[in-house]
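See structure below.
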Amino acid sequence: MAAPLRTRSNAELCAEADALQVPLVGEVIAGVLYTMGRPTPAHANIEAGLILDLRGGPRGGGPPPSGWYIQAEVEVRFPNDEKAIPDLSGWHSDRIAGHRNDNPIRIVPDWACEILSESTRAKDLGPKRDLYARHGVKHLWIVEPDAHLLEAFALGASGRWELIGTWTENAVAAVAPFEGCALSLDRWWLKDE
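All the letters of the sequence shown, read from the start, carry residue numbers 1055 to 1247 under this note's numbering.
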């Protein structure tokens, strides 16, 4: 008789992810370790544009949303030891107080944003989106660099994602949960001129 196959716990997989050598990072979602390298320039450009818009930097689209703590590419460890590194994540300030410098952050984000790439598309649109819903992340944005597209979702009462809206190209949008902040999509897209 064959010995039963031993599966590794999320905590064991997180330890393996933590031991990865730069430039690789790992995420643990639903008992699977996913590895990925550094983002492309198009991805980095979108991330920078979003940070400018959401933090109200010198070229920002408007006042930053008050009462939010927003970070790029921080490790979030969920209560069951699943681990994700959202491209951008945000917490209401009162929920993250006292934990802003934690690594990993063990407070579930109120908002997450994933910027799709060929190497992460299937994970981001499948298991990672499911992970966020399972743990009660209230808002999820998906940004598609090649299509110049932003899709925003809110977590419904059923625990499923509900599409709030879709914005493209040169739109200036006020998108939940940051309705008071103007997002200038035209500066997000890396154009090979």
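We put the beta carbon where it would ideally sit given N, CA and C, even for glycine.
Predicted model only: the values in this text are computed from it and were never measured.
Counting only residues of its own chain and dropping the five nearest sequence neighbours on each side, Thr-1174 has a CB closer than 7 angstroms to the CB of Met-1090.
If the five residues before and after Ala-1138 are omitted, its C-beta is found closer than 7 angstroms to the C-beta atoms of Glu-1081, Ile-1083, Val-1130, Lys-1182, Leu-1185, all from its own chain and listed in chain order.
In terms of CA proximity to Glu-1198, Glu-1101 leads the group Ala-1236, Cys-1068, Glu-1101.
Comparing C-alpha distances from His-1193 to each of Ala-1211, Leu-1106, His-1202, Val-1086 shows the shortest one belongs to Ala-1211. Among the bridge pairs identified by DSSP, Gly-1080 is matched with Thr-1089.
Listed in chain order, the alpha helix (DSSP H) elements of length 4 or more contained wholly in the region 1150-1191 are 1175-1179, 1181-1188. A Cβ-Cβ separation of about 13 angstroms leaves Trp-1165 out of contact with Ser-1147 under the 8 angstroms criterion. Sequence-distant Cβ neighbours of Phe-1232 in its own chain, meaning closer than 7 angstroms and more than five residues away, are Leu-1108, Pro-1119.
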